[in-house]
Amino acid sequence: MRPAIFDPFGERLDLRPGQEGACAPAARRRPVRTRRIVGIVLFWALAAGLITARGAFFDPSTAFGPDAPARVAASEAALVR
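Numbering (our numbering), first residue to last: 255 to 335.
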């Protein structure tokens, strides 16, 4: 009987030749691809949530100081005259 061999992350390596060893790389690729897709979806969902929250709670009076709306209104009134 051979001693058990483990990879650096503690997973037991199956070194038996045959069909099981041949399909192991294909089986490992699928979860990595799935995790990547899930990560991309989560990233864009978070980005969309932040942009939506920024748009929903944006207060223009705080963008350029508390008196910005009054200054903009005064400059627009001066242009109209």
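Ideal Cβ placement from N, Cα and C applies to all residues, glycine included.
query	result
Beta-carbon gap between A258 and R266 smaller than 9 Å	yes
Coil, strand or helix - W266 by DSSP	Here residue 266 is Arg; the residue named in the question, Trp, does not match the sequence. The answer is strand: DSSP assigns R266 an E or B state.
One or two residues paired with F260 in a DSSP bridge	R266
Under the three-state DSSP convention, the category G319 falls into	coil
Nonlocal neighbours in the same chain, by C-beta distance under 6 Å from D261, ignoring five residues either side	L267
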